[in-house]
Structure formats: structure tokens, C-alpha cells
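Visitor: The sequence shown begins at 128 in the numbering used here and counts up by one.
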Amino acid sequence: MNRTAWTPDADPVVGIVTDDPRRKAEATGSTTSTAPTLEPSAALETAIADRDGTLVTGSPEDVLAAEPSLVVAAAERTVAAVAAADLDAAILPLGDVTGIEGIEPAALEAAIEAALAGETAVETRPLLSVETPQGRRERAVFDVTLVTEEPAQISEYTVSSRGDRVARFRADGVVAATPAGSDGYANAVDGPLLSAALEALAVVPIAPFVTRTRRWVLPDDGLTISVERDEDPVVVCVDDRTLERVPAGERVSIAADGSFSTLVASTVDGVETSR
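(1) Is it true that the region 345 to 355 meets the region 378 to 385, where meeting means three or more beta-carbon pairs spaced less than 8 Å apart?
(2) Just the Cα atoms here: how many angstroms apart are TYR312 and ILE352?
(3) From the DSSP output, which residues share a beta bridge with PRO253?
(4) Can you tell me whether DSSP reads GLU326 as helix, strand or coil?
(5) Below 8 Å on the Cβ atoms is my contact criterion, and I expect VAL301 with PRO332 to pass it. Report the Cβ-Cβ distance as a whole number of Å.
(6) Just the C-alpha distance for SER356 and CYS364, rounded to the nearest angstrom, thanks.
(7) Please check the pair PHE296 and PRO335, which I expect to be a contact at CB under 8 Å, by giving their CB distance rounded to whole angstroms.
(8) Which residues in the same chain as THR131 place their Cβ atom closer than 7 Å to its Cβ, once the five residues preceding and following it in sequence are excluded?
(9) Between GLY308 and ASN129, what straight-line distance do the alpha-carbon atoms span, to the nearest angstrom?
(10) Select from PRO139, THR338, ASP146 the residue whose C-alpha is nearest the C-alpha of THR205.
(11) At what residue ranges does the region 356 to 382 contain a whole run of the beta strand (DSSP E), taking only runs of 3 or more?
(12) Using 7 Å as the threshold, is the C-beta distance between THR275 and ASP299 below it?
(13) With DSSP run on the structure shown, which of helix, strand or coil describes ASP420?
(14) For THR158, which three-state DSSP category applies?
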């Protein structure tokens with residue numbers, strides 16, 4: 128992860144995702160909490176206008192269509208959706224986001240004013256490319272999980288890195304997490320916390336049949352996870368979205384692919400962070 132000063136555009140476009148993406152999340156099988164409804168105050172609108180800026184609000188699609196230079200995103204789902212869109216904009220996380228510094232909602236106006244005054248920095252974080260057996264390609268910000276479709280069922284998995292087999296084991300599933308994602312579900316199943324400076328993934332079995340099964344820190348390119356048994360259906364999930372079933376004998380490929388930037392406002396007076 129690199130940290131550099133953030134310089135606003137001459138006529139900045141500030142996007143604020145105000146819509147709760149609940150319907151889209153339910154359609155894709157998401158189970159995590161939805162983003163809170165977020166409406167900009169009149170004072171915030173004035174602060175943006177005073178910097179010759181333009182404010183755009185709405186759904187992630189509406190905001191991204193305006194080609195913003197800064198996007199305010201509340202909750203993990205919205206951060207993941209915006210980051211995966213491969214845009215050239217800084218993301219300002221609002222609230223508690225796994226592994227990423229966010230700000231408290233009350234500090235939003237102060238943080239944006241500081242950003243538009245050139246008083247903040249950005250941190251660059253990795254994105255993952257995920258290829259499924261059906262040829263589907265998706266982006267992941269936090270983690271990629273293969274898990275049995277029904278809870279508490281066991282399958283068998285092989286983890287390989289850069290063409291070499293790392294391990295084969297029986298478990299409910301396996302999760303591969305970025306440094307940011309290593310502070311989330313992967314950590315809840317006893318995975319290691321990764322420094323944001325590492326170009327690596329934490330790979331962790333979920334409820335392994337053999338309790339002494341290892342956890343691994345592997346390069347963030349050339350990772351494959353294969354399903355070896357066909358007794359219980361296994362699905363692949365990217366961040367909080369269930370994509371498809373993975374049949375026995377098939378694999379999911381994971382590799383670093385691009386990056387996204389998050390705004391760091393913790394050094395600004397009056398800005399309280401959520402981490």
C-alpha cells in the first residue's frame with residue numbers, strides 16, 4: 128500500500144452514494160448489512176460549491192456515470208461496488224469498513240472540505256480478479272470464498288500457488304483475503320492479519336475436518352482453489368456476493384488486478400475516524 132498526497136481537480140466532482148443497494152444485494156445473494164441512507168446537508172453542498180465543485184448523488188451507477196474525482200461510500204458493500212468499477216477516483220469510506228480507515232458521519236463535511244483544499248492523502252490498495260469455471264470474471268476488494276451451499280457440510284479443496292500445490296484438505300470451505308479483507312471473515316476463522324504493505328493473500332480453511340490444518344500467506348497472483356468432491360454443492364462468493372456453483376474437478380483462479388484509492392482524513396482536525 129502506498130500513501131501519497133491527494134490533489135483535487137480544478138473543478139472537482141464529488142459523488143455521494145445515497146441509495147441503499149438492498150435490492151441489488153438481495154438479487155445477488157448478499158447477506159451483509161446494507162449501507163445507511165446518506166443525504167448531504169446544505170452546509171456540505173455549500174462547501175463543495177465554494178470550491179467550484181459539483182455534487183452528484185444517487186445510486187452507485189448514477190454517481191460513477193458522472194466521472195467523479197471523489198466518492199463517498201457508506202458500508203462495505205458500497206465501497207466494494209465503487210472500488211470494483213475501476214474508476215480513477217478516491218473513495219472516502221463512511222463508517223466501519225473492514226480493514227480500511229473510514230470516518231464518522233458527523234465528520235463528513237470537515238473531511239470533504241479538507242480534501243478539496245488539498246489537505247488529505249490517499250492510500251492505494253489491491254483489487255483481485257476472480258475467474259470462475261463458467262468463465263465469469265469479477266473483481267474482489269475484500270475476499271473470495273468457496274464454501275458448501277448448505278451450512279455445516281464438508282467438501283474437499285486443493286489450494287495451489289503459481290502452479291504448485293500448497294495443500295489439499297477437507298473443510299466447509301476456504302477463504303482467500305486481501306490485506307483489508309484479512310481483518311474480516313478470514314480473521315474470524317483464525318486467519319492471520321496482513322499488513323497493507325504486503326502483496327499477499329491470507330488463505331484460510333473454514334471449519335476444517337482436521338483441526339491442525341494450516342493457514343497460509345501466499346502471493347496475490349497465480350492462486351487457484353479447486354473443488355475435489357461432488358457430494359455437497361460448493362459455491363464461490365466474491366466479497367458479499369454469491370456467484371455460482373463450482374463443480375468437482377473445477378477451479379477458481381484469483382490474481383491481483385489493478386488497485387483502488389481510499390482517502391485518508393485522520394490527520395484533519397475535527398475528523399473522527401471509525402478505526
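Positions of the beta carbon are idealized from the N, C-alpha and C atoms, including for glycine.
Guide: Quick look at the numbers:
(1) yes
(2) 18 Å
(3) SER386
(4) coil
(5) 5 Å
(6) A quick correction: the sequence has Arg, not Ser, at residue 356. For ARG356 and CYS364, the distance between alpha carbons rounds to 18 Å.
(7) 6 Å
(8) Taken in chain order, the residues that qualify are ALA248, VAL249.
(9) One C-alpha to the other measures close to 17 Å.
(10) ASP146
(11) 361 to 365, 368 to 372
(12) Taking 7 Å as the cut-off, the beta carbon of THR275 is found closer than this to the beta carbon of ASP299.
(13) Lying before the first or after the last residue shown, residue 420 is absent from the chain, which here runs from 128 to 402.
(14) Caution applies to THR158, whose pLDDT of 44 falls short of 50 and renders its modelled position unreliable; the value that the coordinates give is listed next. Coil at THR158, not helix or strand.
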